[in-house]
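Peer 1: Before I ask anything, here is the structure I am working with.
In full-length UniProt numbering, the protein residues as written are 1 to 430.
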């Protein structure tokens with residue numbers, strides 16, 4: 001989330017403890033079609049459950065067979081697809097949610113709420129088992145739902161690509177299976193503001209591609225922008241009693257935090273993205289107010305014309321695309337991260353399993369933990385204070401874009417994590 005205000009997200013962390021037999025999955029999917037699963041996560045602090053709302057079939061797929069079994073174990077939740085006959089694992093995708101953030105708010109102690117969620121996979125050619133799992137505090141994945149999906153028998157909705165929403169290629173080439181595909185959607189721009197949207201989207205694109213490691217991976221990145229006309233301009237600002245009718249119902253003051261800009265209309269967002277290659281979706285909101293949000297393998301969102309919008313955009317994309325954690329902290333210690341376990345995020349550590357993080361990048365003359373002294377300001381180290389807590393959680397650099405807007409860019413560890421994700425989505429295009 002954004003620097004300078006308290007993040008409400010809860011992450012559960014663990015090493016991968018549920019194991020599956022791995023199948024040879026290239027012959028089990030049609031990579032010209034997408035299986036979109038719309039579901040609901042509901043509950044409160046004490047309980048959670050999942051229910052599938054729709055199976056949807058969409059023409060085209062952004063990925064390829066080399067992305068089905070990722071080399072990293074990110075996300076608070078994950079979807080696992082098993083072969084319907086052999087039970088071999090065909091596909092795994094981790095993700096995070098706004099629901100998990102809701103669960104640690106004060107109202108969630110009593111009130112139950114439900115949240116829309118969407119996840120996409122290549123289209124199965126035969127029956128598969130869908131298993132949704134959640135990480136818990138005991139460091140294990142626990143199943144929330146197991147359901148059989150049949151491409152021949154299950155009720156399936158077909159989503160047609162909305163032709164009335166123009167698309168521009170801002171950067172890259174039209175080879176979705178060989179590129180990391182970012183899709184920027186217009187939110188709160190009226191029909192008369194279409195040109196302004198494409199100007200704003202191009203500005204964001206240029207800023208991103210000028211920053212390491214994106215600047216070094218331009219040939220692996222494609223960025224498209226899709227315009228969706230809004231009935232009204234802007235977005236909701238509840239603190240000022242400003243309400244706007246917009247396509248994706250974005251709003252500031254999410255979970256009571258003034259600068260937290262989000263949308264709960266996930267299914268609508270993915271409807272507007274249908275038919276356009278997207279490994280990650282970004283909502284660009286027609287506002288000059290400071291704010292944004294980013295949720296791993298969900299979507300990212302930022303206001304378009306605040307003086308810090310560029311910085312917020314790349315920060316939130318760090319969350320949404322690469323699974324990076326916030327590296328800032330507060331004087332009062334937070335309990336969002338369990339200090340007895342290693343967080344799954346690649347850029348913070350409790351030193352419980354530091355060998356699996358960035359220990360190999362630390363020079364012999366850099367102490368661990370690393371004191372905040374001038375001689376270490378440009379070094380990769382282990383600086384105490386991260387993940388909203390001043391004690392017990394450590395970050396790789398004195399300053400980084402995941403810590404503050406005034407950082408020059410991403411630290412070495414974050415750059416490597418982002419680069420790994422970009423190369424992952426680019427498949428064999430290495």
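Cβ atoms here follow ideal geometry from the backbone N, Cα and C, with glycine treated the same way. Predicted model only: the values in this text are computed from it and were never measured.
For residue 285, tell me which candidate among 271, 261, 275 and 412 has the shortest Cα-Cα distance.
Peer 2: By 1-based counting over the chain shown, the position of residue 285 is 285. Selected option, being the one with the closest Cα: 261.
Peer 1: CA-CA distance, residue 180 and residue 236?
Peer 2: For this step, residue 180 is matched to residue 180 along the chain shown. For this step, residue 236 is matched to residue 236 along the chain shown. Going by the C-alpha atoms only, they are around 31 Å apart.
Peer 1: Could you spell out the range, first to last residue, of the beta strand (DSSP E) harbouring residue 157?
Peer 2: By one-based count along the chain shown, residue 157 stands at place 157. Note, residue 157: beta strand (DSSP E), 157–159.
Peer 1: Which of the three DSSP states, helix, strand or coil, is assigned to residue 302?
Peer 2: Locating residue 302 in the chain shown gives position 302, where the first residue counts as 1. Strand at residue 302.
Peer 1: Going by other Cβ atoms of all chains shown within 10 Å of its Cβ, with 16 needed for buried, is residue 215 buried or exposed?
Peer 2: Locating residue 215 in the chain shown gives position 215, where the first residue counts as 1. Exposed.
Peer 1: If you reduce the DSSP assignment to three classes, tell me which class residue 80 lands in.
Peer 2: Here residue 80 is taken as the residue at index 80 of the chain shown, counted from 1. Strand.
Peer 1: Is the stretch 108–118 in contact with the stretch 34–44, if contact means three or more CB pairs nearer than 8 Å?
Peer 2: The answer is yes - the stretch 34–44 touches the stretch 108–118, with three or more Cβ pairs under 8 Å.
Peer 1: Mind checking whether residue 347 and residue 390 have CB atoms under 8 Å apart?
Peer 2: Within the chain shown, numbered from 1, the residue matching residue 347 stands at position 347. Within the chain shown, numbered from 1, the residue matching residue 390 stands at position 390. It is not a contact, given that the beta carbons lie outside the stated cut-off.
Peer 1: In its own chain, which residues sit with a C-beta less than 7 Å from the C-beta of residue 450, not counting the 5 before and 5 after it?
Peer 2: Here the chain has residues from 1 to 430 only, and residue 450 is not among them.
Peer 1: For residue 114 and residue 234, what's the separation of their Cα atoms in angstroms?
Peer 2: Here residue 114 is taken as the residue at index 114 of the chain shown, counted from 1. Here residue 234 is taken as the residue at index 234 of the chain shown, counted from 1. Distance between the alpha carbons of residue 114 and residue 234 is about 26 Å.
Peer 1: At the level of alpha carbons, what is the spacing between residue 172 and residue 182?
Peer 2: In the chain shown, the residue the question calls residue 172 occupies position 172. In the chain shown, the residue the question calls residue 182 occupies position 182. Near 10 Å, if we compare the C-alpha coordinates of residue 182 and residue 172.
Peer 1: Among 154, 133 and 157, which residue has its Cα nearest to the Cα of residue 146?
Peer 2: Residue numbering aside, residue 146 sits at position 146 when the chain shown is read from its first letter. Of 154, 133 and 157, the residue nearest in Cα terms is 133.
Peer 1: With a cut-off of 8 Å, do at least 3 Cβ pairs link the stretch 240–254 to the stretch 148–164?
Peer 2: Counting Cβ pairs under 8 Å, fewer than three are found: no touch.
Peer 1: Just to confirm before moving on: does the CB-CB distance between residue 79 and residue 119 stay below 8 Å?
Peer 2: As a first step, residue 79 must be located in the chain shown, where it is residue number 79. As a first step, residue 119 must be located in the chain shown, where it is residue number 119. Their beta carbons are under 8 Å apart, which means residue 79 touches residue 119 by this criterion.
Peer 1: How about the stretch 190–208 and the stretch 265–285: do they share at least three Cβ pairs that are nearer than 8 Å?
Peer 2: Touching, yes, given that three or more Cβ pairs across the two stretches are closer than 8 Å.
Peer 1: For residue 163, which three-state DSSP category applies?
Peer 2: On the chain shown, residue 163 is found 163 positions in, with the first residue counted as 1. Residue state, collapsed to three classes: coil.
Peer 1: Let me know if residue 325 comes out buried or exposed under the rule of 16 or more other beta-carbons within 10 Å of its beta-carbon.
Peer 2: Mapped onto the chain shown, residue 325 falls at position 325. Residue 325 should be labelled buried.
Peer 1: Between which two residues does the beta strand (DSSP E) carrying residue 243 extend?
Peer 2: Taking the chain shown and counting its residues from 1, one reaches residue 243 at position 243. Premise fails: residue 243 is in no beta strand (DSSP E) and is neither H nor E.
Peer 1: Going by alpha carbons, who is nearest to residue 168 out of 177, 157, 194 and 189?
Peer 2: Numbered from its first residue, the chain shown carries residue 168 at position 168. Closest option to residue 168, Cα to Cα, is 194.
Peer 1: By how many angstroms is the C-alpha of residue 384 removed from the C-alpha of residue 349?
Peer 2: Position 349 of the chain shown, counted from the start, is the residue given in the question as residue 349. Position 384 of the chain shown, counted from the start, is the residue given in the question as residue 384. Answer to the nearest angstrom: the Cα atoms are 9 Å apart.
Peer 1: Is the distance from the Cβ of residue 57 to the Cβ of residue 38 below 8 Å?
Peer 2: Start at 1 with the first residue of the chain shown, and residue 57 comes out as number 57. Start at 1 with the first residue of the chain shown, and residue 38 comes out as number 38. Cβ distance not < 8 Å, so residue 57 and residue 38 don't count as in contact.
Peer 1: May I ask which residues mark the beginning and end of the alpha helix (DSSP H) holding residue 105?
Peer 2: Reading the chain shown from its first residue, position 105 is the one you call residue 105. That residue, residue 105, is in no alpha helix (DSSP H); it is neither H nor E in DSSP.
Peer 1: Buried or exposed: residue 4, going by 16 or more other Cβ atoms within 10 Å of its Cβ?
Peer 2: Along the chain shown, read from residue 1 onward, the residue named residue 4 stands at position 4. The predicted position of residue 4 is uncertain, since its pLDDT is 40 and thus under 50; a value taken from the coordinates is nonetheless stated next. Counting Cβ neighbours within 10 Å, residue 4 comes out exposed, since fewer than 16 surround it.
Peer 1: Taking residue 27 as the reference, give the member of 117, 63 and 126 with the closest Cα.
Peer 2: As a working mapping, residue 27 is identified with position 27 in the chain shown. With distances taken between Cα atoms, residue 27 lies closest to 126.
Peer 1: Could you spell out where the beta strand (DSSP E) holding residue 386 opens and where it closes?
Peer 2: Position 386 of the chain shown, counted from the first residue, corresponds to residue 386. Here the beta strand (DSSP E) through residue 386 covers 383–386.
Peer 1: Going by DSSP, name the residue or residues bridged to residue 431.
Peer 2: Here the chain covers residues 1 to 430 and nothing more, so residue 431 does not appear.
Peer 1: What's the C-alpha gap between residue 33 and residue 226?
Peer 2: One-based indexing of the chain shown puts residue 33 at position 33. One-based indexing of the chain shown puts residue 226 at position 226. Between residue 33 and residue 226, the C-alpha separation is close to 20 Å.
Peer 1: Just to confirm my understanding: we take residue 315, look at its own chain, exclude 5 residues before and 5 after, and list those with CB closer than 6 Å. What are they?
Peer 2: To locate residue 315, count along the chain shown from 1; it is residue 315. Cβ within range, chain order: 401.
Peer 1: So, helix, strand or coil for residue 401, using DSSP?
Peer 2: Translated into the one-based positions of the chain shown, residue 401 becomes position 401. In the structure shown, residue 401 sits in coil (DSSP, three-state: anything other than H, G, I, E or B).
Peer 1: Along the chain, where does the alpha helix (DSSP H) containing residue 309 start, and where does it finish?
Peer 2: Taking the first residue of the chain shown as 1, we reach residue 309 at position 309. Residue 309 -> alpha helix (DSSP H) spans 309–322.
Peer 1: What does the Cβ neighbour count give for residue 135, buried or exposed, with the cut at 16 atoms within 10 Å?
Peer 2: Start at 1 with the first residue of the chain shown, and residue 135 comes out as number 135. By the neighbour-count rule (16 or more Cβ atoms within 10 Å), residue 135 is buried.
Peer 1: Leaving out the 5 sequence neighbours to the left and right, which residues in its chain are closer than 7 Å to residue 49 when beta-carbon positions are compared?
Peer 2: The residue given as residue 49 occupies position 49 in the chain shown. Correct list, in chain order: 42, 43 and 144.
Peer 1: Whole angstroms is fine: what's the gap from residue 88's alpha carbon to residue 404's?
Peer 2: Translated into positions along the chain shown, residue 88 becomes position 88. Translated into positions along the chain shown, residue 404 becomes position 404. So the alpha carbons of these two residues sit roughly 43 Å apart.
Peer 1: Does DSSP put residue 24 in a helix, a strand or coil?
Peer 2: Translated into the one-based positions of the chain shown, residue 24 becomes position 24. A caution first: residue 24 carries a pLDDT of 49, below 50, which makes its placement in the model unreliable, though a value can still be read off. In this structure, residue 24 counts as coil in the three-state DSSP scheme.
Peer 1: Using CA atoms only, rank isn't needed, just tell me which of 299, 267, 29 and 91 is closest to residue 54.
Peer 2: Along the chain shown, read from residue 1 onward, the residue named residue 54 stands at position 54. It is 267.
Peer 1: For residue 327, which residues from the same chain have a beta carbon less than 6 Å from its beta carbon, with the 5 sequence-adjacent residues on both sides left out?
Peer 2: If you number the chain shown from 1, residue 327 lands on position 327. Contacts found: 386, 395, 400, 402 and 403.
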